[in-house]
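Participant: Encoded as structure tokens, here's the structure I'll be asking about.
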Amino acid sequence: MKTVGFRSIVLYILLAVFLGGVGLMVARQLLYGRQWAMQPYNMNLTGQMGDIKDRNGNILARSEDGERLYSDDGTVRLALLHTIGDTAGYIGTGVQSVMGDRLTGYNFVTGLNETILTGLTSGLDLTVDQYACTAAYSAMGGHDGAAILYNYETGDILCKVSAPTFDPAFVPEDIETNGAYKGAYLDNTLSGTFTPGSIFKVVTAAAAMEAWPDSWSTRTYDCWGSENIGGSDITCLNGEAHGTLDMYGAMGHSCNIYFAHLANDLGSEALQKKAEELGFNANLQFGDVTVAKSSIDLSGANANQLGWAAVGQYTVLANPYHMMALMGAVAQGGTCKEPPRLTAGGDALSKVIKPGRMMSPDTAANLKSLLRSDVENYYGDWLFPQGMNVCAKTGTGEVGEGIAPNCWMVGFCDSAQYPYAFAVVVEEGSGGIETAGVVVSAMLQALA
Amino acid sequence: MERLTDFMLPTLWLLLRALVPVLALYVVWRSYTSFKKGQRRRDPVIMLWEETSGARFPVLYWENSIGRSKSCDICLPDATVSRDHAVLMRREEGWVVCDTGSQSGTRVNGREIEGQKLLSIGDSITMGDVTLTMRNADSPLEKRRRVFKGFSAEAASPLKLMAAASLVHLLMALQACFADGAFVLIQAAPTLIAMVMGWGLYVYSIGIQHRVSFEIETTAYLLSGIGITLLAAFDIEGVRTQLVAMFIGILLFCFMIWFMNDLDRVSRFRIYIGAAAILLFALNLLIGQENHGAKNWIKLGPLSLQPSELIKIAFVFVGTSTLDRLQTKKNITEFLIFTGICVGFLVLMHDLGTAAIFFACFLIIAFMRSGSVRTIALILSGAAFGVFLVLQMLPYIADRFAGWGHVWEHINDNLGFQQTRVLTYMASGGLFGLGTGQGGLGASGVFAADSDLVFGMLCEEQGLLLGLIVLMAIALFIFYARSDVTRSRSTFFSIGACAVAGMLLFQTCLNVFGATDVLPLTGVTLPFISAGGSSMMSVWGLMAFLKASDERTYAARRAGRRQARGGRGPSDPPPRRPGPGHMRPPPPRRDDMEDISS
């Protein structure tokens, strides 16, 4: 019996495998339990989340009797859908998805149980202003696009709107089939990229300022509305001939030919390098959310393609959140000092976007004066509330035949009282000022 | 302040739920330590004296191999003695010796023996040139000191452990009653019925059979009750099957303990049990019903049965063996063929999880019988080849495992749907669970939530802690089996208990790790917990092997019978008493142990 008894230690092999498996299982739950529990299909999530409020204490979402309820105002629900997220959790970048653990009070020990502790801590105060959001949404006039604005002194995001959108309280039944809702789960401010058009001239200008710090402002090119560069034509909007222009004039008139020549004199490498310093091709993080990459690739581009790239066409793409942060950096002397955030504390949506300097203080100051000149001398200060001292650049990104362009406006207020930077893009619009400008104006009016 | 009161009630419920794992841990752990406490010390039961040299050999076990080989329990280093010469065994009628194919034969009191020969004190056994005389063991050896006493020096009373286990069930059932806010008494009915059965077994075992230990049954009752209460909250109608199966299972458990009392009877029936198993498999394949890809059901009117579950019991019967048979018939070919047939049938039925369980059980038995690493390696490589062949012939089986380790990439298709649900809901439960009947895994209608995925349901509703304690209870069966392995009445019981403990733990691994994506998902049940009548019956039946392996199970019976006859028989020598000042468990425990030395 001794021998048989001894051989029974074979069971310990099985026991070791068992213990290893249990250890792995528990360790995984400890590490990933949070993500596991936050799956949209989890039936324990709905109706367990705490209140979400805007910066003025307006309730944006709350739970009652196991149901998730949203603002009583339908426009607020539409405008803030992507910021808050939907009940089913399809909008993965919304607060309810990204910060679901915080909102439900999830932790490894008590799981999704409601306790005294979760009751006290599960609420969330956002930095957004619901009126600025509804104003922007309404001004977009039913077009798709994105509008985002933040306070570059504090980092608080005050307005964040994406369209197409839907009402989270009454999810349309045809959401999967109706073309109008195509892309409605996507937050265009964070996850969208668009052809930037003329707003990219800010980048080209910055490259020129750093290549020729002493002579950039005196450099001139002639414009006859259309010119063959590198084998095919580069044209200005509506074929308008701008004559001989310096940088200020070219920026004000948004002259494509000026910037096409400028880029060819700079060379593709210098433009590529400066664009990357300004955050193109970089993976920006907005808290736990990876922002869609603004992209540029000039390798192998010929003179014509480089010319078009210099004015934000060719294959260049820009993300609204990134553009806003870039404007914040220009406003603050070249560095994005306070990264944008949606919540006050050290939460998942308040982390650094990309540390470090984007441009020299001189370049920032020069860009600021260029953008200020645009509004002062070309767009008109009457567009915006008084005293905001807006610096901005418009753009119309051509997207293809038969489709109206992406209309952009990016910029900031050079004002201690209104330290706001913004980026607005509206798809299939009629023009930068006419389509995007009014959205910026509406946001600023709401915040004035 | 208003918010504070809002969350007061849920918090109180949470605290109540936190009590459940604490109590369950107490029952599981104290059952094991009490079991260990009540065991006989490893003192010699009789002595063998070699008169010429004066050497004395203590006889420590119920079955002892005698021979020249170092692996023998009584090693006689003499050239005239065969490696495995004879076996000395304690049987119902007394000590017997039998020759195990030695060169020179075995003589008792000078006479050559054939088959088993009954001995009494003073008889001499001659093997080759060595003659041993059987003597009583004189004095108990020095008491061995244990460093770790399992947190307590005394064994817990079985009554107290049963009461604690019942409290665990009541606390769980209370949550179920309040699951929808208002009190619904009917939710507690299945728990109460299970409780009646558990206590019925207690009364039968302690009160009528006068058994001194009830730890294995307590653990089994605890687990069954947890499973039934959990399933009752999920499907109060379906839990009836579970209750009936538990009842039949308990009857089977009692019957098997009676049946295994007589080892001759067991060896007479072994061939019939094996044949019946194969017949049942064949019948299953012929008239079986296909259910979700596996043809492992037989439907007889209102009854539906999974024969493979019951065949597990037969499989252990066929595989295990007494020491005399082990020593004479060393190869395992016969059992290998039987295993081949069983596993073959299961593969034909597409029940691969169960086939793996049979094979694992076979490996344990084969190793314990042969001790040959080479044989096991050979069998394993053969099996690997077999698996390769099966995968070649049935490629869709491999597809089923394609999601393994990548379940989060398959959240909404059938490669990862079930596993991701289990993980999500497990995490939702935290350490203490959301409460009986409050789970989302059951409510969301995920397929097999109450059987293959029941561990997820257990953890979500009762918390990860209770889930781990259930696993610990099943893992501890290995330690129960191991601590009985040289104390049991025969290697038949030792091997049987180890095979059962290993089989249950392996099955638990497949179930739990399959559901949580540690291993590929195979449809096997979690012992005691999963919905499935056949499984519940079979697991109680398998418990009989663990119980029979404990020598006290039968000792108490004889003690009880003897008391009824009015004291010990005249041929019995006076029992050895423990020395003065010796801490001993309450009577009749210790005295009962003495009858092995008579």
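Going down the list, the sequences are from chains V and P. 191 is the number of the first residue of the first sequence in the working numbering; add one for each residue after it. 5 is the number of the first residue of the second sequence in the working numbering; add one for each residue after it. For glycine and all other residues, C-beta sits at the position ideal for the given N, C-alpha and C. Being a predicted model, the structure only gives us computed values, none of them experimental.
1) Secondary structure at V31(P), three-state DSSP: helix, strand or coil?
2) Going by DSSP, what residues sit across from E219(P) in a beta bridge?
3) Quick one: is A479(P) near chain V, going by C-beta distance under 8 Å?
4) If you follow the alpha helix (DSSP H) that Q310(P) is in, where does it begin and where does it stop?
5) Could you please give the first and the last residue of the uninterrupted beta strand (DSSP E) stretch that includes L550(P)?
6) Closer than 8 Å by C-beta to T553(V): which residues in its own chain qualify, once you throw out the five before and the five after it? Chain order, please.
7) Does the distance from the CB of P510(V) to the CB of G345(V) come in under 8 Å?
8) Determine the closest residue to I57(P) out of D82(P), L395(P), R87(P) and I533(P), with distance taken between C-alpha atoms.
9) Since V629(V) and A337(V) should fall inside the 8 Å C-beta cutoff, what is the C-beta to C-beta distance between them, to a whole number of angstroms?
10) Since Q229(V) meets chain P, which of its residues come closer than 8 Å, beta carbon to beta carbon?
11) When the cut-off is 8 Å and only beta carbons count, does P592(P) lie next to chain V?
12) Who does F61(P) pair with in a DSSP beta bridge?
13) Please tell me whether L205(V) has its Cβ less than 8 Å away from any Cβ of chain P.
14) With 7 Å as the limit, tell me which residues of the stretch 192-204 of chain V have their beta carbon closer than that to any beta carbon of chain P; keep them in chain order.
15) Below 8 Å on the Cβ atoms is my guess for T383(V) versus L250(V); work out the distance and round it to an integer in Å.
16) List, in order along the chain, the chain P residues whose C-beta lies closer than 7 Å to that of G223(V)?
17) Could you spell out the range, first to last residue, of the beta strand (DSSP E) harbouring E254(V)?
18) Once DSSP output is grouped into helix, strand and coil, what is the label at C365(P)?
19) Hey, out of A326(V), I347(V), S261(V) and S407(V), whose CA is closest to L452(V)'s CA?
20) Under 8 Å Cβ-Cβ, which residues of chain V neighbour M372(P)?
21) Determine the direct distance from the alpha carbon of Q225(V) to that of C581(V), and round the result to whole angstroms.
22) In chain order, what residues of the same chain have a beta carbon less than 6 Å from the beta carbon of A552(P), not counting five sequence neighbours either side?
23) Using a threshold of 8 Å, state whether the C-beta atoms of C513(P) and G213(V) are closer than that.
24) Indicate whether at least one CB of chain P lies closer than 8 Å to the CB of W226(V).
25) Check whether the stretch 618-626 of chain V touches the stretch 437-445 of chain P, taking contact to mean three or more Cβ pairs, one atom from each stretch, closer than 8 Å.
26) Going along chain P in order, which residues have a C-beta closer than 7 Å to the C-beta of Q642(V)?
27) DSSP state of C463(P), grouped into three classes?
28) Compute the minimum distance between the beta carbon of A279(P) and the heavy atoms of the ligand PLP, and state whether it is under 7 Å.
29) Looking at M476(P) and A364(P), is the spacing between their C-beta atoms short of 8 Å?
30) Give me the subset of the stretch 264-283 of chain V whose CB atoms are less than 9 Å from a CB atom of chain P, sorted by chain position.
31) Please tell me whether D478(V) has its Cβ less than 8 Å away from any Cβ of chain P.
32) Does the stretch 77-96 of chain P touch the stretch 47-67 of chain P, meaning 3 or more C-beta pairs lie closer than 8 Å?
33) Alpha carbon to alpha carbon, how far is L457(P) from A28(P)? Give it in angstroms, no decimals.
34) Confirm, please, whether the CB-CB distance from A534(V) to T151(V) is below 8 Å.
35) Go ahead and label Y225(P) buried or exposed: buried means 16 or more other beta carbons lie within 10 angstroms of its beta carbon, across all protein chains shown.
36) Does any CB atom of chain V fall closer than 8 Å to the CB of T3(P)?
Facilitator: From the atom records:
1) helix
2) Bridge partners of E219(P): none, in fact.
3) yes
4) For Q310(P), no alpha helix (DSSP H) encloses it, and the DSSP letter there is neither H nor E.
5) Careful: L550(P) lies outside any beta strand (DSSP E), inside the alpha helix (DSSP H) at G537 to S553.
6) Correct list, in chain order: A396, M399, E400 and G524.
7) The Cβ atoms of P510(V) and G345(V) lie no closer than 8 Å to each other.
8) First, the amino acid is wrong: residue 57(P) is Ser here, not Ile. For S57(P), the nearest C-alpha among the options comes from D82(P).
9) 5 Å
10) Correct list: I415, T424 and T428.
11) At P592(P) the pLDDT is 39, less than 50, meaning the model places this residue with poor confidence and gives no usable figure here.
12) Paired residue(s): L52(P).
13) Yes, L205(V) counts as interfacial toward chain P.
14) K192, T193, V194, G195, R197, S198, V200, L201 and L204
15) The pair is not a contact, with the Cβ atoms about 27 Å apart (cut-off 8 Å).
16) Among the residues of chain P, those whose CB is under 7 Å from the CB of G223(V) are A431, following chain order.
17) Residue range I249 to E254 is occupied by the beta strand (DSSP E) that includes E254(V).
18) helix
19) Closest by alpha carbon: S407(V).
20) V194, R197, S198 and V200
21) 42 Å
22) I261, M264 and F497
23) No; because the gap between Cβ atoms is not below 8 Å, this pair is not in contact.
24) yes
25) no
26) In the structure as shown, chain V begins at 191 and stops at 638. Residue 642(V) is therefore absent and cannot be evaluated.
27) helix
28) In the structure on display, the ligand PLP does not appear, and there are no ligands present to speak of.
29) Their beta carbons are not under 8 Å apart, which means A364(P) does not touch M476(P) by this criterion.
30) none
31) Closer than 8 Å: no.
32) yes
33) The C-alpha of L457(P) is placed about 21 Å away from the C-alpha of A28(P).
34) Residue 151(V) lies beyond the stretch modelled for chain V, which goes from 191 to 638, so this question has no answer here.
35) buried
36) Coverage of chain P is limited to positions 5 through 602, which leaves residue 3(P) absent and any answer about it impossible.
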